[in-house]
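Colleague: In full-length UniProt numbering, the protein residues as written are 1 to 235.
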């Protein structure tokens with residue numbers, strides 16, 4: 001897999017590149033946001049499988065770079081940063097990041113997350129605007145929320161809500177069986193295609209992001225000690 005590492009610290013980049021190379025990755029190192037965006041242009045060469053994006057870049061804020069990357073490509077983006085607060089995590093996911101890893105991290109954790117976001121992803125495919133047509137044949141209606149499975153489009157009261165791939169997969173899973181409690185392990189297995197325990201924190205962040213984007217905090221209920229379920233809104 002070709003991987004774009006966006007990191008301004010040459011020592012950190014060299015050490016991480018060596019580890020990734022030992023695990024079969026071909027790493028391209030970008031030292032700034034501008035270099036990263038240039039490397040992701042359609043005519044820059046073969047597409048990347050994953051982008052590892054540090055937020056502390058010398059020329060641009062990493063969040064801004066993430067937003068620009070998402071306008072160029074649907075290549076998975078994993079933010080790698082020392083910013084551990086939940087607000088930063090949610091902001092990154094809202095901008096289109098697929099995952100968020102906090103420094104210092106375990107190398108095994110990072111490798112697991114890279115493989116998890118890469119699964120079932122077509123790297124380098126240019127993002128397309130969701131169609132503005134009416135509801136698809138395979139659609140799930142939950143009060144004001146409409147989840148169109150074939151087009152991966154979600155609307156609330158007719159207004160399109162922009163979700164990341166994993167956010168949509170998570171919502172679609174819960175929406176297919178309203179009221180049913182999904183265990184955390186089951187959600188992680190079906191959405192992230194992994195049984196790795198460290199993904200649990202990522203699940204919590206994605207749930208918080210969904211509640212925020214849909215502006216319906218009560219739609220997804222936390223069943224303490226078990227998992228989550230979708231509460232169908234009253235008519």
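Beta carbons: idealized from backbone N, C-alpha and C, even for Gly. Note that the coordinates shown come from a computational prediction; the quantities given were computed from them, not determined experimentally.
Suppose the cutoff is 7 Å on Cβ atoms and the five residues either side in sequence are ignored; what does the same chain contact list for residue 175 look like?
Modeller: Excluding residues within five positions, the ones whose Cβ falls inside 7 Å are 140, 142, 147, 230.
Colleague: Going by beta carbon distance, what residues of the same chain come within less than 7 Å of residue 118, once the five residues before and after it are set aside?
Modeller: Only 1, 49, 50, 76 meet the Cβ criterion.
Colleague: Based on the DSSP output, what are the partners of residue 216 in its beta bridges?
Modeller: Residue 216 is not bridged to any residue.
Colleague: Nearest to residue 73 by alpha carbon, out of 90, 182, 44?
Modeller: That would be 44, whose Cα lies nearest to the Cα of residue 73.
Colleague: May I have the straight-line CA-CA distance separating residue 68 from residue 37, to the nearest angstrom?
Modeller: Looking at the two C-alpha atoms, the distance is approximately 8 Å.
Colleague: Give every residue of the same chain whose Cβ lies closer than 8 Å to the Cβ of residue 223, excluding the five residues on either side of it in the sequence, and list them in chain order.
Modeller: Only 181, 229 meet the Cβ criterion.
Colleague: Three-state secondary structure (DSSP) at residue 23?
Modeller: Residue 23: coil per DSSP, three-state reduction.
Colleague: Would you call the region 27-42 and the region 56-71 touching, i.e. three or more CB-CB distances under 8 Å?
Modeller: Yes, they touch.
Colleague: From residue 155 to residue 206, what distance separates their C-alpha atoms?
Modeller: Cα to Cα, residue 155 sits roughly 18 Å from residue 206.
Colleague: Please list, in chain order, all residues of the same chain as residue 105 whose beta carbon is under 6 Å from its beta carbon, the five residues on each side excluded.
Modeller: So the list is empty, once near-sequence residues are dropped.
Colleague: Under 8 Å by Cβ, that's how I've got residue 173 and residue 190 pegged, so tell me the actual separation to the nearest angstrom.
Modeller: 6 Å between Cβ atoms; contact.
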